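> If you're matching them up, the sequences are chains W and S in order.
Each residue of the first sequence is one higher than the one before, starting from 162 at the first, in our numbering.
Each residue of the second sequence is one higher than the one before, starting from 134 at the first, in our numbering.
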Amino acid sequence: MAESSGTPHIEVSDLTIGYGDFVVQRGLDFVVNKGDIFVIMGGNGCGKTTLMRALIGLQRPLQGSVRYSGEDFWGASEEDRQRLKHRLGVLFQSGALWSSLTLADNVALPIAEYTNLSQTRIDEIVSFKLALVGLAGFEDFYPSELSGGMKKRASLARAMALDPDILVIDEPSSGLDPLTAKRLDELIVELRDSLGTTFVVVTHELASILSIGNNSIYLDAETHTMIPTGNPQEALKTGHPKVRHFLTRGAA
Amino acid sequence: MQNDAQWQLDTRLTGEDSLEIIIGGRWCIDANPPASGILFDALDGRIRRMRFDTAGLTDWDSGLLTFLASVLKTCAQRDIAADTTGLPPGARRLLAMAMAVPEQKVAGRDKGPQGMFAQVGTTTLEFLRDGPKMLYFLGEIIQSLLRLLTGRARFRRRDLWLEIEEVGPRALPIVSVISFLVGLILAYLGADQLRLVGAQIFIADLVAIGMVREIGALMTGIIIAGRTGAAFAAQLGTMQVSEEIDAYKTLGIPPVDFLVLPRILALMLMVPLLTLYSGFIGMFAGLLVSVTIFDIGVFEYYTETLRALEFKHFFVGLSKGTVYGAMIAFAGCLRGMQCGRSAEAVGRAATSAVVTAILLITVAASIMTIVYYQLDI
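#1: What residue range is occupied by the uninterrupted alpha helix (DSSP H) comprising S/V431?
#2: In three-state DSSP terms, what is S/I510?
#3: Can you tell me where the alpha helix (DSSP H) with W/D266 in it begins and where it stops?
#4: What residue range does the alpha helix (DSSP H) around S/Y269 cover?
#5: Does S/G158 come within less than 7 Å of chain W when only Cβ atoms are used?
#6: Compute the distance between the beta-carbons of S/A350 and S/G419, then report whether it is under 7 Å.
#7: Taking Cβ to Cβ, would you say S/T353 is nearer than 7 Å to S/V308?
#8: Which runs of the beta strand (DSSP E), 3 residues or longer, sit entirely within the region 331-389 of chain W?
#9: Would W/H365 pass as a contact of W/M213 if the rule is Cβ separation under 7 Å?
#10: Against chain S, does W/S305 count as a neighbour if the rule is that its beta carbon must be under 7 Å from one of theirs?
#11: Using a Cβ-Cβ distance cut-off of 7 Å, determine whether S/Q237 contacts chain W.
#12: Drop a sphere of 10 angstroms on the beta-carbon of W/S174, count the other beta-carbons inside from all chains shown, and report buried for 16 or more, exposed for fewer.
#13: Using the C-alpha atoms, what's the distance from S/M232 back to W/Y303?
#14: Please report how far the alpha carbon of S/I429 lies from the alpha carbon of S/S499, in whole angstroms.
#15: Could I get the ranges of all uninterrupted alpha helix (DSSP H) runs contained in the region 313-350 of chain S, with 4 residues as the minimum, in chain order?
#16: Cα separation between S/G241 and W/T386?
#17: Quick test of the definition: if touching needs 3 or more C-beta pairs under 8 Å, does the region 486-496 of chain S touch the region 373-386 of chain S?
#18: Assuming W/L291 contacts W/V268 (C-beta within less than 8 Å), just tell me the rounded distance between them.
#19: For S/E376, would you say it is in contact with chain W, using Cβ-to-Cβ distances shorter than 7 Å as the test?
#20: Counting C-beta neighbours from all protein chains within 10 Å, is the total for S/S195 16 or more, i.e. buried, or is it exposed?
#21: To be precise: take each residue of the region 324-355 of chain W, compare its Cβ to all Cβ atoms of chain S, and keep it if any distance is under 9 Å. Which residues remain?
#22: Would you list the residues sitting across from W/W259 in a DSSP beta bridge?
#23: Take the Cβ of W/H406 as the centre, count every other Cβ of all protein chains shown within 10 Å, and call the residue buried at 16 or more, exposed below.
#24: Grab the span of the beta strand (DSSP E) containing S/M183 for me, first residue to last.
#25: Inspect the CB distances between the region 254-268 of chain W and the region 196-212 of chain S and report whether three or more fall short of 8 Å.
#26: Where does W/V184 sit, in a helix, a strand or coil, going by DSSP?
#27: When DSSP labels each residue in this structure, what does W/R228 get in the three-state scheme?
#28: From S/F391 to S/D263, what distance separates their C-alpha atoms?
#29: Do S/L400 and S/A462 have their C-beta atoms within less than 7 Å of each other?
#30: Would you say S/D194 lies against chain W (beta-carbon separation less than 7 Å)?
#31: Between S/S203 and S/R182, is the Cβ-Cβ spacing less than 7 Å?
#32: For chain S, find out if any of its Cβ atoms is closer than 7 Å to the Cβ of W/T359; answer yes or no.
#33: Taking S/A464 as the reference, which of S/A224, S/L327, S/T147 and S/A367 has the closest Cα?
#34: Which residues in chain W sit within 7 Å of S/R226, going by Cβ to Cβ distance?
#35: Report the residues of the region 231-248 of chain W with a CB closer than 7 Å to any CB of chain S, ordered along the chain.
#36: Confirm, please, whether the CB-CB distance from S/C466 to S/V393 is below 7 Å.
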């Protein structure tokens, strides 16, 4: 499959996010194409996670719309929203694995909930997903018995349990060693290439931004709005001064 | 995506010992593709080589990948050479990623449920180990108290006041309701029995001594165990989960000083006060019942109560309240500090805190009742 098919998958228009009277970001306008690895970057506290929560249905935006394949997400009925959510996989910043379930049960729960596959088939899928993130053989472990990086990878396995069309990932490589982080980046690119999954990656890890992103926006904490930045590699050379400053760790 | 298209699986012998597997159609999870057993169950033992033809494949996802992963695994076990060049390039790369990290073999990990005897054994051992653990924690608290007395224990005074507010004034409504109703029950119970000997005025004695000496403290103890003991365990347990307790330790601040001490002090101060309050509310309920239902005069009831209430009854009630408070805080903090690192463990800690507190309260109440009887207090 091609890198980016050019068909819009997620369309965000005139989005304002915040809490009550407090506006975190306003005037957000961007399109994520099918098969994109779309990076939402920005410094600490700029509203990256708040935007993510608006995209995945955890927090209603103050204004504006989010469309998935043309369907309005927040304008839809509760049922339609549930249906759209099934096509979304989410990896939370801290993993958010269910601590009282084993890894196998963590990954199996969404599959058992939304398909009617037999237990053997579910077990097979679970083992495969865990193997894909390098955790083969850890089925019977509880999250509390794992290292931070393993938890992160296990929650990626859970996020992609149902082969979602869109994977939303909050800080994929934070807390991972460089090699594991690189493997995770490779996995993301591979899943995009072979399954055509669209990725929305919320991050401030420079290495990830530059190596996997093919489109991006920068959320500015000072002006409370976004700067469209396109391909991060190009933004590094010719982008907005603020973005270049960010991508070069303040050198430019 | 069309759901009507189905997966197709076919095999073709391409030589003496080689097999071609023809995979076609739609291999997605929701199309419910088959498990790999379907292939190997019918497999001729002579097959040594295997290759794939996926020209007819229209769409695929993990449904195909899991099938192929287990086919390849079985091939490896049976020494069958599998040639994956016929697979879609993306599938080959993902399969390679899944095989890249070998499966962890973790020794001595029990998977299945334990037998009954093993369960009885472990539970008994755990129970036996609990005693020394309690004593150890008690020792830590005593050390911490000694540090407090010598002015070396560190905790924020503000924390103490916050705890005092949380466990004292905020518990007043529930203590009021329960004490009033218990006082009412006592009065009715007494009235029924004392009527037989025509001594209904002694309802006042029964309610006053009963509430102040025993029941006020017991009721308050049980309410606070459920309300505050569980809260303590949940708070400390959550702090344990999020490594906050470890953060205190690395700063060189004993968590017992900083977290347990203010909670124990708060309860030792507030439970006796609540006990006293509970006693008065109970007596008020007794007065109300006696005056309205059993025709005893307000003044009569009042003087009889005053006559019955000796100082020693207050002493017994207050001392019990203090001990119960200490027990509740001890149980709550103990279970919180022992908490494991999961949401379930926090729940267990809270439950266990209440059970332990009520057990300790009952044991302490029995011992104190016997001792006070012997001392004629």
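Yeah, the Cβ is synthetic: ideal placement off N, Cα and C, and Gly gets one too.
This one's a predicted model, so the numbers in the text were calculated from it and none came from an experiment.
Well, looking at it:
#1: V431 to A441
#2: coil
#3: L264 to Y275
#4: M249 to L282
#5: no
#6: no
#7: yes
#8: 359-363, 376-381 and 386-389
#9: no
#10: yes
#11: yes
#12: exposed
#13: 23 Å
#14: 34 Å
#15: 336-342
#16: Caution is warranted here: a pLDDT of 49 is assigned to S/G241, below 50, making its placement in the model unreliable, and no coordinate value can be reported.
#17: no
#18: 7 Å
#19: no
#20: buried
#21: D324, R344, E347, L348, E351, L352, D354 and S355
#22: DSSP output for W/W259 lists no bridge partner at all.
#23: exposed
#24: R182 to D186
#25: no
#26: strand
#27: strand
#28: 24 Å
#29: yes
#30: yes
#31: no
#32: no
#33: S/A367
#34: E351 and S355
#35: none
#36: yes
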